[in-house]
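Take a look at the structure below.
Numbering (the numbering used here), first residue to last: 6 to 390.
Below, the structure written as structure tokens:
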């Protein structure tokens with residue numbers, strides 16, 4: 006099943022027009038902006054990067070008519086004031102400046118038709134798909150050109166406790182502009198059950214890039230997350246087989262925390278294993294969210310990765326402050342892969358706006374790790390109407 010951009014746009018636009026006409030007073034159009042400055046300073050031969058970009062997203066969602074609705078959304082990312090001293094991952098300034106993965110692009114971000122009843126929901130077309138905190142499937146929303154999928158998505162709410170979803174993805178619309186999108190044959194199965202202590206999720210994510218080679222990546226796992234009396238806890242385990250390398254790897258995550266009222270503290274451990282020189286992989290994830298905001302481990306090293314981290318978050322002057330420390334080592338031989346301190350402060354104002362600053366400081370580990378000291382700073386303002 007291939008869902009090309011023209012057919013997506015025509016189908017969603019026709020459905021949007023028809024449904025909006027039938028229920029014009031209930032349709033909704035939204036516009037949001039993200040203006041962001043990013044700087045990257047790395048201890049290597051590359052020049053320091055600086056980027057000032059504006060992401061604009063226009064979304065029209067129809068009202069529901071006999072269970073049917075539609076969404077059409079466009080997204081644009083532009084360099085502002087000529088501040089474009091960065092490698093945007095599409096070839097511009099490659100080998101000269103450090104990477105800021107925000108290329109200029111204008112895209113059809115979403116275009117789907119939805120059918121929904123009390124228990125069943127179906128979406129067909131270009132859409133955002135996220136599962137269980139984005140660790141395996143996410144929209145990479147931190148970047149200006151977020152990730153969406155050409156997909157058919159089916160969700161069933163069997164009861165208050167039991168739910169499940171199946172998604173078939175025929176194209177991965179990644180964050181690096183259209184030229185780097187990938188045709189695929191991905192199957193995502195996810196089943197969740199709520200208990201008195203938390204939620205149990207079992208999943209099977211069977212991924213394949215549709216390029217005529219044997220590259221299947223099959224992941225099976227189970228997770229548990231919950232909170233009770235101020236305590237926060239989570240655990241997850243998964244196994245993965247890689248057809249391209251014949252490697253079998255494993256994943257483990259343990260996390261605990263406590264909410265002290267205004268302050269929340271968490272301590273966690275995450276292990277992405279290694280086999281035959283190949284690390285456990287999460288190609289559809291919102292990888293920026295995990296293993297440090299300096300993005301040194303967007304792809305798992307061949308020796309695997311262990312991440313011990315601690316996070317403290319609280320409210321300061323009406324805004325949200327979070328600070329995280331990471332200690333990285335390899336899964337094989339426990340080689341020191343460095344450490345990192347991350348911090349972010351963001352505050353909403355004037356109803357429709359939010360502003361913030363975000364920092365990441367990575368210190369490289371033992372020689373031969375392939376990493377260098379890296380500092381990143383972001384300053385951003387968002388607006389939603």
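All C-beta atoms in this analysis are idealised placements derived from N, C-alpha and C, irrespective of residue type, glycine included.
State yes or no: is the C-beta of residue 396 within less than 8 Å of the C-beta of residue 259? Because residue 396 is not part of the residues shown, which for the chain are 6 to 390, the question remains open.
Report back the beta-carbon spacing between residue 254 and residue 285 to the nearest angstrom; my notes put them in contact at under 8 Å. Rounded to whole angstroms, the Cβ separation of residue 254 and residue 285 is 4 Å, and the two are in contact under 8 Å.
C-beta atoms of residue 80 and residue 107 nearer than 8 Å: Not in contact: residue 80 and residue 107 (Cβ atoms no closer than 8 Å).
Spatial neighbours of residue 35 within its chain, please: CB distance less than 6 Å, with the 5 preceding and 5 following residues excluded, ordered by chain position. 64.
Within its chain, find whatever has a CB closer than 8 Å to the CB of residue 266; leave out the 5 residues flanking it on each side and keep chain order. So no residue of the chain qualifies.
How would you call residue 268, buried or exposed, if buried means at least 16 neighbouring beta carbons within 10 angstroms? Residue 268 is exposed by the Cβ-count criterion.
With three or more beta-carbon pairs closer than 8 Å as the criterion, would you say the stretch 198–206 touches the stretch 220–228? Because the criterion of three Cβ pairs below 8 Å is met, the stretch 198–206 and the stretch 220–228 touch.
Residue 262, DSSP secondary structure in three states: Per DSSP, reduced to three states, the secondary structure at residue 262 is strand.
Would you decide whether residue 312 is buried or exposed? Buried here means 16 or more other CB atoms lie within 10 Å of its CB. That one is buried.
In whole angstroms, what separates the C-alpha of residue 180 from that of residue 97? In a straight line, the C-alpha of residue 180 is about 15 Å away from that of residue 97.
Near residue 344, what residues of its chain come up, given a Cβ to Cβ distance below 8 Å and the 5 sequence neighbours on each side ignored? Within the same chain, Cβ atoms closer than 8 Å to the Cβ of residue 344 are found at 330, 331, 332, 333, 367, 368 and 370, the five residues on either side in sequence being excluded.
In the DSSP output, which residue or residues are listed as bridge partners for residue 345? Paired residue(s): 331 and 367.
Grouping DSSP H, G and I as helix and E and B as strand, with all else coil, what is residue 216? Three-state DSSP puts residue 216 in coil, outside helix and strand.
Minimum C-alpha distance to residue 288 - residue among 276, 140 and 323: Nearest C-alpha to residue 288: 140.
Separation of residue 232 from residue 157, as counted between CA atoms: Roughly 33 Å separates the two Cα atoms.
In the DSSP assignment, find the unbroken beta strand (DSSP E) run with residue 32 in it and report its ends. Unbroken run through residue 32: none, as it is neither H nor E.
Cβ-based burial, residue 275 [other Cβ within 10 Å; buried from 16]: Classification of residue 275: buried, given that the 10 Å Cβ count is 16 or more.
Whose C-beta lies closer than 7 Å to the C-beta of residue 89 among residues of the same chain, with five residues either side of it excluded? Only residues of its own chain outside the window of five on either side were considered, and among them 56 have a CB closer than 7 Å to the CB of residue 89, listed in chain order.
So, is residue 6 buried or exposed, given that buried needs 16 or more other C-beta atoms within 10 angstroms? Here residue 6 scores only 46 on pLDDT, less than 50, and its place in the model should not be relied on; the value that follows carries that caveat. Exposed, since its Cβ has fewer than 16 Cβ neighbours within 10 Å.
Give the DSSP-derived three-state secondary structure of residue 293 in the structure shown. Note: residue 293 maps to helix in three-state DSSP.
Less than 8 Å between the C-beta atoms of residue 336 and residue 309, yes or no? In this structure, residue 336 sits near residue 309, with a CB-CB distance shorter than 8 Å.
Does the Cβ of residue 178 have 16 or more other Cβ atoms within 10 Å, making it buried, or fewer, making it exposed? Its Cβ being crowded by 16 or more others within 10 Å, residue 178 is buried.
Residue span of the beta strand (DSSP E) that contains residue 115, given as start and end: It spans 110–121 - the beta strand (DSSP E) in which residue 115 sits, taken as one unbroken run.
Between the CA atoms of residue 388 and residue 357 - distance to the nearest angstrom: Their Cα atoms are separated by approximately 5 Å.
Give the straight-line distance between the Cα atoms of residue 241 and residue 87, rounded to the nearest whole angstrom. Straight-line Cα distance between these residues: approximately 45 Å.
Assuming residue 352 and residue 363 make a contact with CB atoms under 8 Å, what is their CB distance in whole Å? Contact flag wrong, Cβ pair sits at about 13 Å.
So, with DSSP's three-state summary, where would you put residue 184? If DSSP states are grouped into helix, strand and coil, residue 184 belongs with the helices.
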